[in-house]
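Following: one structure in structure tokens, then a few remarks.
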Amino acid sequence: WQRPLSPDIKLVGVELKKARPHKQDFLLKLHIHNPNETELPLYRIKYSLILNDELVLGQDKVYIKTRIPPHATVEVKLPLTTNLWGQLRSIAELVKESDGRLSYDLETRIKLRRFSLKKRRVTFMGTVDSSSLQKKIRF
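In this note's numbering, the protein residues as written are 1 to 139.
What follows is the structure in structure tokens.
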């Protein structure tokens with residue numbers, strides 16, 4: 001018996017479910033691919049959404065009791081609640097320091113029924129152009 005390979009994880013969508021001044025609810029859509037010859041019994045996913053490799057916008061964990069068949073891909077939806085208003089000053093500083101591009105990373109840690117797999121960073125598809133934000137918000 002050998003420890004299974006970590007699954008391939010892709011962030012394929014971010015949906016804003018509800019926005020209030022001090023609380024924003026998002027739904028992150030992931031595709032998780034099992035590269036192994038055996039099924040992976042998924043149990044828990046811990047995750048953090050990080051801006052420009054330094055500012056944690058939100059983090060959570062969900063319990064998902066599902067099995068990923070060998071060489072198959074499943075879609076998983078993860079809720080994420082943020083308070084962007086409370087982090088506006090930090091975001092503004094990052095915008096000023098950046099070259100006009102803000103990158104997002106999704107850091108995940110997957111736990112299978114019997115053991116944990118190492119942390120995986122999943123790069124968000126694309127970046128946000130801060131100049132479009134600056135037109136709406138004065139920094």
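Ideal Cβ positions, reconstructed from N, Cα and C, are used throughout, including at glycine.
Only a predicted model underlies this, so the values are computations on that prediction, with no experimental measurement involved.
Endpoints, the beta strand (DSSP E) within which residue i is located
i, result
"Arg-44", "40 to 51"
"Leu-84", "Careful: Leu-84 lies outside any beta strand (DSSP E) and carries neither H nor E."
In DSSP terms, what residue i is bridged to
i, result
"Leu-30", "Leu-11 and Val-76"
"Arg-3", "In the DSSP output, where bridge partners are listed per residue, Arg-3 has none listed."
"Ile-68", "Leu-40"
"Leu-215", "With the chain covering 1 to 139 only, the question about residue 215 has no answer from this structure."
"Lys-17", "Answer is none; Lys-17 lacks a bridge partner."
"Leu-55", "Leu-51"
Contact belief for residue i with residue j at Cβ below 8 Å, rounded distance in angstroms
i, j, result
"Pro-79", "Asn-34", "Contact flag wrong, Cβ pair sits at about 23 Å."
"Glu-15", "Leu-27", "5 Å"
"Leu-55", "Ser-90", "5 Å"
Distance CB(residue i)-CB(residue j) smaller than 7 Å
i, j, result
"Lys-23", "Lys-77", "no"
"Ile-32", "Ile-50", "no"
"Tyr-43", "Leu-112", "yes"
"Val-74", "Ile-68", "yes"
Closest by C-alpha distance to residue i, when choosing among the options
i, options, result
"Thr-66", "Asp-60, Asn-52, Asn-83 and Ile-45", "Ile-45"
"Gly-86", "Leu-16, Val-14 and Arg-20", "Arg-20"
"Leu-94", "Val-12, Pro-7 and Asp-53", "Asp-53"
"Asp-25", "Leu-57, Thr-108 and Ser-103", "Leu-57"
"Ile-110", "Asp-60, Thr-82, Val-12 and Gln-2", "Asp-60"
"Lys-18", "Thr-81, Leu-5, Leu-11 and Arg-3", "Thr-81"
"Tyr-104", "Arg-3, Pro-4 and Val-12", "Val-12"
"Ala-72", "Asn-83, Pro-7 and Arg-3", "Pro-7"
Residue i, enclosing alpha helix (DSSP H) - first and last residue
i, result
"Ser-90", "88 to 97"
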